[in-house]
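This report concerns only the one structure given below.
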Amino acid sequence: METKQRRIRLNAGLRNLASSESLNSKKLIQPIFIVEGLKEKEKMDSLPGVFRDTESSVFKQVESDLKAGVTHFILFLIPELKSNSEIPKSFYERSISSLKKKFPESFLWIDTCMCSLTTHGHCGLLHPDGSIDNHTSVKHLSDIALVYAQSGADGIAPSDMMDGRIKSHRSILDVNGFSNIPILSYSTKFKSNFYGPFRAAADSAPAQGDRSSYQIDVRNREDAVLSSIRDKEEGADFLMVKPGMTSIDLIGPIREKTGLPTGVYQVSGEYASIHYLSQNGFCDFDSALSETWQIFSRAGASYLITYAARRGKEILS
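Using the working numbering, the final residue of the sequence shown is 591, and nothing's skipped along the way.
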């Protein structure tokens, strides 16, 4: 399956992400957590400046972020009830369609995974013995991706790391009339110790075991590069390495081998570490963030997902 370059050219926001110009606020993507059933907006002690939004409070947050210069958002939708079979379609539809209707100028990527949905917190469905059922997981994830597209998502961002998911997502989107919706793949995603604060925000920590059977071993460089090449071949439009600083040696090679825009997710543990240093007087928060962003850019990153995107214009000025 070939990547359609035209998908990237259709939208000014996508052209900004993919461009080879120097780092600027238009290349930053802001994560947003929307929690079904939450009564009041919650601060995240582990992620200062980041919140768990209600279905109502998210409007004010996105409005503020747009005014601050953010154009791209990645939504993490956290349903109230966990399920290993049902898709919380009404919650997904409400969250995406209402935001897109109120803020048509925003570009909404939707993280596509099951870790916040399943009762066990894994990114896919399980066999009775506790191992991942890759085939059934991919089918279920593709059905979720279609719901996102039907609800008004601008782009799909699969983060689950199931084999064959990109091909399946691209196929179901194309067949149902969504061939212009791009796929931003978490294509090189390592099993890492730096995801802890995110898992608290997204209520997505595994109840048992870990994710070593489907996320990449940090020691395996060849697997990391091949994973991105495979996703390009299956139809991904944008690629990513995650975590950022521990994957910095892979950004350039992946971009060179695939020819696709390759970005970085500056993950929760990286962000929280910088904030901890700042709080204890060991660094200037804005200066340290800017330094890491510039290093990602120097290494070849086309775009960045960062929890401080809402302050990107200020930090980079």
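Built from N, CA and C at the ideal position, the CB exists for glycine as well.
Model, not experiment: these values are computed from the prediction.
- When the alpha-carbon of glutamate 354 is set against those of Lys317, Lys363, Met318, Val538, the nearest one is in Lys363.
- By the beta-carbon neighbour count (other beta carbons within 10 angstroms, threshold 16), proline 402 is exposed.
- Between arginine 572 and the set Arg439, Met519, Phe464, the nearest pair of CA atoms involves Met519.
- Isoleucine 384 is positioned such that its CB atom lies no closer than 8 Å to that of histidine 396.
- In the displayed model, proline 432 falls within a strand according to three-state DSSP.
- Leucine 321 carries a coil assignment under DSSP once its states are collapsed to helix, strand and coil.
- Under the DSSP definition of a beta bridge, threonine 386 partners with Pro432.
- Contact between the segment 300 to 315 and the segment 575 to 586 is established, with three or more Cβ pairs separated by less than 8 Å.
- Within a 10 Å sphere around the beta-carbon of threonine 393 sit fewer than 16 other beta-carbons, which makes this residue exposed.
- The criterion of a C-beta distance shorter than 8 Å is satisfied by valine 324 and alanine 475.
- Under the criterion of beta carbons closer than 8 Å, serine 380 and phenylalanine 333 do not qualify as touching, at roughly 11 Å.
- Between the C-alpha atoms of arginine 504 and lysine 313 there is a straight-line separation of about 42 Å.
- Annotation: the continuous beta strand (DSSP E) that includes histidine 346 extends over 346 to 352.
- Counting along the chain, no alpha helix (DSSP H) covers threonine 536; the unbroken beta strand (DSSP E) around it starts and ends at 536 to 539.
- Minimum Cα-Cα distance from threonine 462 among the listed residues Lys341, Met514, Gln553 corresponds to Met514.
- According to DSSP, residue pairing for isoleucine 579 in a beta bridge involves Ile303, Tyr539.
- A contact between stretches requires three or more CB pairs, one per stretch, nearer than 8 Å, and the segment 489 to 500 fails this requirement with the segment 535 to 546.
- The C-alpha of serine 359 lies about 13 Å from the C-alpha of serine 390.
- In chain order, Ser442 place their CB closer than 8 Å to the CB of lysine 413, counting only its own chain and leaving out the 5 sequence neighbours on each side.
- A distance of 8 Å or more separates the beta carbons of leucine 447 and alanine 427.
- As the crow flies, the alpha-carbon of glycine 509 is around 6 Å from that of arginine 444.
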